[in-house]
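Student: Counted from 1, the sequence shown has number 86 at position 51 by our numbering; the numbering is strictly sequential. This is the structure I want to talk about, given as structure tokens.
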Amino acid sequence: MRNFSYEELQKRLQNISSEVDNQVRDFSNLTVDEEWSRKRTRARTLDEQKALDFACRGYIRNLMKEGKIIYINTPGERRMKIDGL
Numbered sequence: 036m037r038n039f040s041y042e043e044l045q046k047r048l049q050n051i052s053s054e055v056d057n058q059v060r061d062f063s064n065l066t067v068d069e070e071w072s073r074k075r076t077r078a079r080t081l082d083e084q085k086a087l088d089f090a091c092r093g094y095i096r097n098l099m100k101e102g103k104i105i106y107i108n109t110p111g112e113r114r115m116k117i118d119g120l
């Protein structure tokens, strides 16, 4: 495990935050240009929700196999860690 000083951690978080802000801004511009709707659309039926859940579970499983997502399940903690963050 790598040790970070407080300054290094703040700098790294600031870089990640600015990257996310840039990506959100680019996506917002794209939605306006391409006339996309940014509204969240809920599943219309129970079957559609089941299909979406199945697809998401498969996608997450594939990322776990590739090592991009690490599932941590210890007695005091249960979470997923995304590689690179």
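C-beta atoms are modelled at their ideal positions from N, C-alpha and C, and glycine is treated no differently. Fair warning: this is a prediction, and the values are worked out from it, not measured in the lab.
Alpha carbon to alpha carbon, how far is Leu87 from Asn97? Give it in angstroms, no decimals.
Tutor: When rounded, the distance between both Cα atoms is 15 angstroms.
Student: Quick check on DSSP: helix, strand or coil for Gly103?
Tutor: Residue 103 is actually Lys in this sequence, not Gly. Coil, per DSSP.
Student: Grouping DSSP H, G and I as helix and E and B as strand, with all else coil, what is Thr109?
Tutor: Thr109 falls in the strand class under three-state DSSP.
Student: On the DSSP bridge assignment, give the partners of Ile117 in chain order.
Tutor: Ile117 pairs with Ile104.
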